[in-house]
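Peer 1:
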Ligand code: BGC
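Residue numbers (the numbering used here): 144 to 524.
(1) Compute the Euclidean distance between the alpha carbons of residue 502 and residue 458, then round it to the nearest angstrom.
(2) Would DSSP call residue 355 helix, strand or coil?
(3) Alpha carbon to alpha carbon, how far is residue 350 from residue 427?
(4) Would you list the one or two residues that DSSP bridges to residue 490?
(5) Which residue wins for smallest C-alpha separation from residue 279, given the options 242, 331 and 388?
(6) Quick one, are the C-beta atoms of residue 416 and residue 372 less than 8 Å apart?
(7) Which ranges does the beta strand (DSSP E) cover as unbroken runs of at least 3 residues, wholly within the stretch 353-441, from first to last along the chain?
(8) Say yes only if the C-beta of residue 285 is nearer than 7 Å to one or more non-hydrogen atoms of ligand 1, and no if none qualify.
(9) State the CB to CB distance for the pair residue 505 and residue 386, rounded to an integer number of angstroms; the pair is presumed to be in contact (CB under 8 Å).
(10) What residue range is occupied by the uninterrupted beta strand (DSSP E) comprising residue 244?
(11) In chain order, what residues of the same chain lie with their CB nearer than 8 Å to the CB of residue 411, ignoring the 5 residues before and after it?
(12) Starting from the Cα of residue 186, find the closest Cα among 469, 212 and 265 and give me that residue.
(13) How big is the Cα-Cα spacing for residue 451 and residue 466?
(14) Whose CA, out of 319, 475 and 335, lies closest to the CA of residue 308?
(15) Measure the Cβ-Cβ separation of residue 287 and residue 252 and say whether it is below 8 Å.
(16) Where residue 180 and residue 361 are concerned, what is the direct C-alpha to C-alpha distance, given to the nearest angstrom?
(17) According to DSSP, what are the bridge partners of residue 547?
(18) Nearest-angstrom Cα distance between residue 333 and residue 507?
(19) By how many angstroms is the C-alpha of residue 488 removed from the C-alpha of residue 359?
(20) Is it true that the CB of residue 263 sits closer than 8 Å to the CB of residue 282?
(21) What do you reckon, are the CB atoms on residue 461 and residue 418 nearer than 8 Å?
(22) Secondary structure at residue 306, three-state DSSP: helix, strand or coil?
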């Protein structure tokens, strides 16, 4: 069933009816029982520019659920168990659409057409200079003024054996936010019965264009009880992208060994945080030389026992520790989002790649298909 822009009567029907149980249809009853129930539930979340917006909740039978709205493809909640068996929300987000419309720093959002910054909102492609919308000082950030995080996506929930998911589609028109080419984008979220949340991106274009899609969840594995300084982090990287005071890459990829930037071995976020000017907000260069799905980072939260692994096909991961959160937003369950109340692992190409000839290219050409996968895997130790 596709959720396009439908009538209120149809919405009521959807709300009442759309509960999908895994194993129905072609499975026999025994298999259905042994495989348990994976569900997708949906409800109306609100309305944006006359378009209905829904909240879909994917639920497995291991105590994990993920809520996603087709406004911005935003992940609003991820409930996952701790060592006491209690499932708690481990991402920053809101329980109502209006809070997202009022403004937020990309909580859980699908970011595009280009994740992170493009210097001065300008780049040259095939001899032509393009000027993008500028929304971060003099720079372009996360796709501009109205990025993919603020678009209403077409949505189609699905369920398979041991998986439940949501397919999203958005057509970004030629010159939207200044980018060339009609970009046809598909993103699929899949929750497995192994507590893995997989995000698959694909896109095609009719003109060469930069593309760098990412997911901007802010995690707090305590369930929001304190800031993330006691979380322990390991990143599979020996280098990071050096940036200037406006967070624009200088072009240098610097070794992190022996510095506060080094997470090649498990370290708490707080152990050297005060030695990093402005806090962690850097793209790490993953130790890999191909685009295979590989382990990018591991996180352990000792108190709850929750752990998270990040796997990706991307060459980099932006590690951001919520340095700009300031306590002005209150989220789900009444948690006040103060400085460092969440951390992000945004798998992506390096910032400002369109202006950095030595970075892996982020240019998609007609006839090619952009394909990336990122996986967040939760467990308990
Ligand atoms: C960037 C930060 C920015 C944050 C929220 C992160 O991806 O690296 O500099 O403040 O997103 O926009």
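All C-beta atoms in this analysis are idealised placements derived from N, C-alpha and C, irrespective of residue type, glycine included.
None of these values were measured; they are calculated from a predicted model.
Peer 2: Straight from the coordinates:
(1) Along the chain shown, read from residue 1 onward, the residue named residue 502 stands at position 359. Along the chain shown, read from residue 1 onward, the residue named residue 458 stands at position 315. Cα to Cα, residue 502 sits roughly 10 Å from residue 458.
(2) Along the chain shown, read from residue 1 onward, the residue named residue 355 stands at position 212. DSSP places residue 355 in strand when its eight states are reduced to three.
(3) Residue numbering aside, residue 350 sits at position 207 when the chain shown is read from its first letter. Residue numbering aside, residue 427 sits at position 284 when the chain shown is read from its first letter. Going by the C-alpha atoms only, they are around 29 Å apart.
(4) As a working mapping, residue 490 is identified with position 347 in the chain shown. Answer by DSSP bridge pairing, in chain order: 460.
(5) Taking the chain shown and counting its residues from 1, one reaches residue 279 at position 136. That would be 388, whose Cα lies nearest to the Cα of residue 279.
(6) Here residue 416 refers to the residue found at position 273 of the chain shown. Here residue 372 refers to the residue found at position 229 of the chain shown. Yes, Cβ-Cβ distance for residue 416 and residue 372 is below 8 Å.
(7) As far as the stretch 353-441 is concerned, its whole beta strand (DSSP E) runs of at least 3 residues are 357-359, 375-378, 380-386, 392-398 and 424-429.
(8) Translated into the one-based positions of the chain shown, residue 285 becomes position 142. Relative to the non-hydrogen atoms of ligand 1, the Cβ of residue 285 comes within a distance shorter than 7 Å of at least one.
(9) Within the chain shown, numbered from 1, the residue matching residue 505 stands at position 362. Within the chain shown, numbered from 1, the residue matching residue 386 stands at position 243. Distance from residue 505 to residue 386 at the Cβ level is roughly 17 Å; contact not present, criterion being Cβ atoms closer than 8 Å.
(10) Here residue 244 refers to the residue found at position 101 when the chain shown is read from its first residue. Not the beta strand (DSSP E): residue 244 falls in the alpha helix (DSSP H), residues 240-244.
(11) Position 268 of the chain shown, counted from the start, is the residue given in the question as residue 411. Hits under 8 Å: 372, 373, 374, 375 and 376.
(12) Counted from its first residue, the chain shown places residue 186 at position 43. Selection 469, 212 and 265 evaluated against residue 186 yields 212 as nearest (Cα-Cα).
(13) Taking the chain shown and counting its residues from 1, one reaches residue 451 at position 308. Taking the chain shown and counting its residues from 1, one reaches residue 466 at position 323. Spanning the two alpha carbons is a distance of roughly 21 Å.
(14) Taking the first residue of the chain shown as 1, we reach residue 308 at position 165. Looking at the Cα atoms, 335 is the closest of the given residues.
(15) Here residue 287 is taken as the residue at index 144 of the chain shown, counted from 1. Here residue 252 is taken as the residue at index 109 of the chain shown, counted from 1. In this structure, residue 252 does not lie closer than 8 Å to residue 287 by Cβ.
(16) Within the chain shown, residue 180 is the residue found at index 37, counting from 1. Within the chain shown, residue 361 is the residue found at index 218, counting from 1. About 28 Å.
(17) Nothing can be reported for residue 547: it is not among the residues displayed for the chain, which extend from 144 to 524.
(18) Numbered from 1 along the chain shown, position 190 holds the residue referred to as residue 333. Numbered from 1 along the chain shown, position 364 holds the residue referred to as residue 507. Straight-line Cα distance between these residues: approximately 25 Å.
(19) One-based indexing of the chain shown puts residue 359 at position 216. One-based indexing of the chain shown puts residue 488 at position 345. In a straight line, the C-alpha of residue 359 is about 7 Å away from that of residue 488.
(20) Locating residue 282 in the chain shown gives position 139, where the first residue counts as 1. Locating residue 263 in the chain shown gives position 120, where the first residue counts as 1. Between residue 282 and residue 263, the gap from beta carbon to beta carbon is short of 8 Å.
(21) Locating residue 461 in the chain shown gives position 318, counting from the first residue. Locating residue 418 in the chain shown gives position 275, counting from the first residue. Against a cut-off of 8 Å, the Cβ pair of residue 418 and residue 461 comes out as no contact.
(22) If you number the chain shown from 1, residue 306 lands on position 163. In this structure, residue 306 counts as strand in the three-state DSSP scheme.
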